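Numbering-wise (the working numbering), the sequence shown opens with residue 2 and increments by one.
Just so you know, even glycine gets a beta-carbon here, dropped at the ideal spot from N, CA and C.
Predicted model only: the values in this text are computed from it and were never measured.
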Amino acid sequence: MATTLILGPPGTGKTTTLLDLVEESFRNGSRPDRVGFVSFTRKAVNEARARACDQFAIDQEDLVYYRTIHSLAFRQLGMSRQDVMGWKHFKELGHELGVRMTGRRLDDVGFISVGDQMVGLENRARLCCVTYKEAWEKWGGDLNWFQFDQYTRSLQRYKDAHLLYDFTDMLERFLDTGVVPDLDLLVVDEAQDLSQLQWRIVERMRAAATETYVAGDDDQAIFRWSGADVDYFLAAEFADHQQVLDQSYRLPAAIHTLAEEVSGRIDRRFVKAFHPTEKQGQVDYVASLDDADALETGDWLILVRNNYQIQGVLDHLRYCGYAYEAERDKPADNVALRAAYAWEALRAGHDVAYEDAVAVPAYLTHPVEGAPGAWDQTRPVSASDFQAVTGASLQQHWYDALGRMSVEDREYFRAARRRNENLRHPRIKVSTIHGAKGGECENVLLFTDVSNKTAQEMWRRPDDETRVFYVGVTRALSRLCIVQPQTPAHFSL
Numbered sequence: 002m003a004t005t006l007i008l009g010p011p012g013t014g015k016t017t018t019l020l021d022l023v024e025e026s027f028r029n030g031s032r033p034d035r036v037g038f039v040s041f042t043r044k045a046v047n048e049a050r051a052r053a054c055d056q057f058a059i060d061q062e063d064l065v066y067y068r069t070i071h072s073l074a075f076r077q078l079g080m081s082r083q084d085v086m087g088w089k090h091f092k093e094l095g096h097e098l099g100v101r102m103t104g105r106r107l108d109d110v111g112f113i114s115v116g117d118q119m120v121g122l123e124n125r126a127r128l129c130c131v132t133y134k135e136a137w138e139k140w141g142g143d144l145n146w147f148q149f150d151q152y153t154r155s156l157q158r159y160k161d162a163h164l165l166y167d168f169t170d171m172l173e174r175f176l177d178t179g180v181v182p183d184l185d186l187l188v189v190d191e192a193q194d195l196s197q198l199q200w201r202i203v204e205r206m207r208a209a210a211t212e213t214y215v216a217g218d219d220d221q222a223i224f225r226w227s228g229a230d231v232d233y234f235l236a237a238e239f240a241d242h243q244q245v246l247d248q249s250y251r252l253p254a255a256i257h258t259l260a261e262e263v264s265g266r267i268d269r270r271f272v273k274a275f276h277p278t279e280k281q282g283q284v285d286y287v288a289s290l291d292d293a294d295a296l297e298t299g300d301w302l303i304l305v306r307n308n309y310q311i312q313g314v315l316d317h318l319r320y321c322g323y324a325y326e327a328e329r330d331k332p333a334d335n336v337a338l339r340a341a342y343a344w345e346a347l348r349a350g351h352d353v354a355y356e357d358a359v360a361v362p363a364y365l366t367h368p369v370e371g372a373p374g375a376w377d378q379t380r381p382v383s384a385s386d387f388q389a390v391t392g393a394s395l396q397q398h399w400y401d402a403l404g405r406m407s408v409e410d411r412e413y414f415r416a417a418r419r420r421n422e423n424l425r426h427p428r429i430k431v432s433t434i435h436g437a438k439g440g441e442c443e444n445v446l447l448f449t450d451v452s453n454k455t456a457q458e459m460w461r462r463p464d465d466e467t468r469v470f471y472v473g474v475t476r477a478l479s480r481l482c483i484v485q486p487q488t489p490a491h492f493s494l
């Protein structure tokens with residue numbers, strides 16, 4: 002039952018270290034079903050599972066306890082998807098209560114509608130193991146208590162009537178009645194992001210495991226708003242031993258120096274000395290996005306603090322003709338882009354995938370003669386098949402032929418093509434800092450402006466906001482470009 006806490010600053014090979022522990026367990030005779038790897042995020046679990054399968058020649062199905070804690074609870078309770086409350090159910094409940102529930106949330110400043118705020122607050126209360134009244138008093142903001150109280154009661158009645166469980170119910174049921182696996186080795190990754198309820202589950206699992214390793218980095222704990230309990234991680238009462246990974250394979254010297262300065266502002270933390278790579282790296286400052294000429298070449302990750310800032314960045318990139326990708330603006334989801342590429346491929350005499358071909362008719366200047374349903378969905382569509390059904394001539398360029406495409410899309414695509422940008426595989430990604438946690442890029446452009454609400458939170462909990470920008474700074478592999486603040490509400494770098 003020995004437990005070791007592994008502290009892994011950015012880029013210090015935490016996943017590799019954990020896989021080395023798994024390999025050692027296998028060498029000592031452990032079967033795959035006697036090793037557990039749990040984490041806060043699917044991304045961390047999927048990466049660990051893929052690397053373990055590749056490294057140890059194991060089938061994914063054999064790693065039955067490589068899961069998020071929610072997934073583990075779902076499996077151990079023998080639940081099916083029909084048991085789980087989805088957003089269609091929340092929206093139905095919202096309709097009954099007369100409140101709007103969209104299922105969308107701003108992962109850095111709260112929730113959008115009153116209905117979404119109530120969903121988030123109810124869930125946060127149970128994840129933090131506090132009463133609804135305590136949660137409302139701490140985090141309720143402008144929510145009306147009586148409306149929130151009515152929602153919590155109505156939610157429970159709805160779940161009881163429909164025999165449904167939400168994701169937090171899974172954790173609560175697993176904690177109370179779930180079968181905890183007997184493991185030779187338990188690895189808990191991204192532990193700084195676990196909620197109090199998840200920590201209680203980890204404690205149950207830890208009690209049944211021969212050896213446990215808990216890994217994370219308190220300086221990167223940026224999900225308190227959703228229930229993460231970094232204070233439990235910092236107390237480390239669960240740990241018998243502590244290990245710090247002290248060599249970063251990501252951060253060059255210049256960026257490491259700035260990162261150390263930022264983390265040094267965090268009042269309550271584990272002090273972790275670690276070394277940069279041998280590269281010098283580069284930290285630059287620009288007055289605005291207009292001055293960021295460096296975006297002309299190379300792979301870039303553009304980071305903003307709040308979701309509302311993303312649209313302004315995307316508008317600028319579109320105007321300049323830079324190909325980009327954002328969480329809610331992915332090339333694969335852009336039907337107009339698929340239509341333009343399909344048209345040009347057909348015009349060149351190439352076959353195109355059915356799903357790309359059917360995107361074209363809606364944008365043609367002239368109505369089509371036949372229905373795309375005549376094409377065989379299992380086969381690519383040839384130029385002759387396309388012309389036979391639509392009656393369209395393939396003589397024109399896409400920007401002339403697809404006359405019903407919006408002017409904004411047409412001009413963006415044309416500007417990007419003039420720059421020789423790859424619109425389907427953009428070299429520029431745009432994200433909030435929260436959305437980019439765990440990622441990295443050769444070059445990072447970081448905005449320091451924040452919303453007024455975030456600025457208020459920064460005054461109340463400076464450590465939390467400092468951790469957010471520490472994560473932003475430490476995504477860069479070579480060059481960090483900081484956009485100087487445009488408003489009084491900003492984080493100082």
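Whole-Å CB distance - residue i paired with residue j, under 8 Å assumed
i: residue 429; j: residue 323; result: 6 Å
i: residue 361; j: residue 340; result: 5 Å
i: residue 424; j: residue 416; result: Between residue 416 and residue 424 the Cβ distance is about 10 Å, and since that is not below 8 Å, they are no contact.
i: residue 49; j: residue 16; result: 6 Å
i: residue 393; j: residue 359; result: With a Cβ gap of about 13 Å, residue 393 and residue 359 do not count as contacting.
i: residue 433; j: residue 402; result: That pair is no contact at about 37 Å.
Distance between residue j and residue i (C-alpha atoms, nearest Å)
i: residue 122; j: residue 180; result: 29 Å
i: residue 84; j: residue 328; result: 29 Å
i: residue 476; j: residue 20; result: 22 Å
i: residue 375; j: residue 421; result: 35 Å
i: residue 8; j: residue 244; result: 6 Å
i: residue 333; j: residue 357; result: 10 Å
i: residue 438; j: residue 297; result: 25 Å
i: residue 142; j: residue 135; result: 12 Å
i: residue 337; j: residue 350; result: 20 Å
i: residue 117; j: residue 54; result: 39 Å
i: residue 456; j: residue 150; result: 29 Å
i: residue 51; j: residue 61; result: 8 Å
i: residue 441; j: residue 12; result: 9 Å
i: residue 448; j: residue 312; result: 13 Å
i: residue 326; j: residue 431; result: 6 Å
i: residue 64; j: residue 41; result: 17 Å
i: residue 22; j: residue 201; result: 24 Å
Range covered by the alpha helix (DSSP H) that runs through residue i
i: residue 53; result: 43-57
i: residue 321; result: 311-321
i: residue 385; result: 384-391
i: residue 558; result: Absent from the model: residue 558. The displayed extent of the chain is 2 to 494, so no value can be given.
i: residue 335; result: Neither: residue 335 is in no alpha helix (DSSP H) and is coded neither H nor E.
i: residue 234; result: 231-236
i: residue 426; result: Taken as a continuous stretch (DSSP letters only), residue 426 belongs to no alpha helix (DSSP H), as it is neither H nor E.
i: residue 186; result: It is not in any alpha helix (DSSP H) - residue 186 instead sits in the beta strand (DSSP E) that spans 184-190.
i: residue 274; result: Residue 274 -> no alpha helix (DSSP H), and no H or E assigned at all.
i: residue 95; result: 88-98
i: residue 146; result: 146-163
i: residue 140; result: 133-140
Selected residue, minimal CA-CA separation from residue i, among the options
i: residue 378; options: 394, 355, 408; result: 355
i: residue 273; options: 265, 279, 280; result: 265
i: residue 153; options: 175, 91, 139; result: 91
i: residue 58; options: 70, 87, 86, 27; result: 27
i: residue 199; options: 220, 183, 233; result: 233
i: residue 258; options: 481, 389, 15; result: 481
i: residue 288; options: 164, 446, 2, 390; result: 446
i: residue 306; options: 461, 88, 223, 67; result: 223
i: residue 462; options: 343, 267, 400, 308; result: 267
i: residue 383; options: 405, 409, 345, 413; result: 345
i: residue 246; options: 494, 10, 487; result: 10
i: residue 280; options: 239, 443, 316; result: 443
6 Å Cβ shell around residue i - same chain, five flanking residues per side excluded
i: residue 187; result: 37, 206, 210, 213
i: residue 203; result: 189
i: residue 159; result: 94
i: residue 453; result: 490
Own chain residues within Cβ distance below 8 Å of residue i, not counting five before or after
i: residue 77; result: 175, 179, 180, 181, 182
i: residue 270; result: 219, 220, 235, 264, 464
i: residue 71; result: 168, 171, 172
Same chain, Cβ closer than 7 Å to residue i, five either side skipped, listed in chain order
i: residue 156; result: 94, 123
i: residue 196; result: 128, 129, 228, 229, 230
i: residue 571; result: The question about residue 571 has no answer, for the chain in this structure spans 2 to 494.
Extent of the continuous beta strand (DSSP E) run through residue i
i: residue 212; result: 210-217
i: residue 453; result: Residue 453 -> not in any beta strand (DSSP E); alpha helix (DSSP H) instead, spanning 453-461.
i: residue 4; result: 3-8
i: residue 327; result: 325-327
i: residue 283; result: 283-287
i: residue 242; result: 242-245
heavy atom of the ligand NAP below 7 Å from residue i C-beta
i: residue 72; result: Questions concerning the ligand NAP fall outside what the structure shown contains, since it holds no ligand whatsoever.
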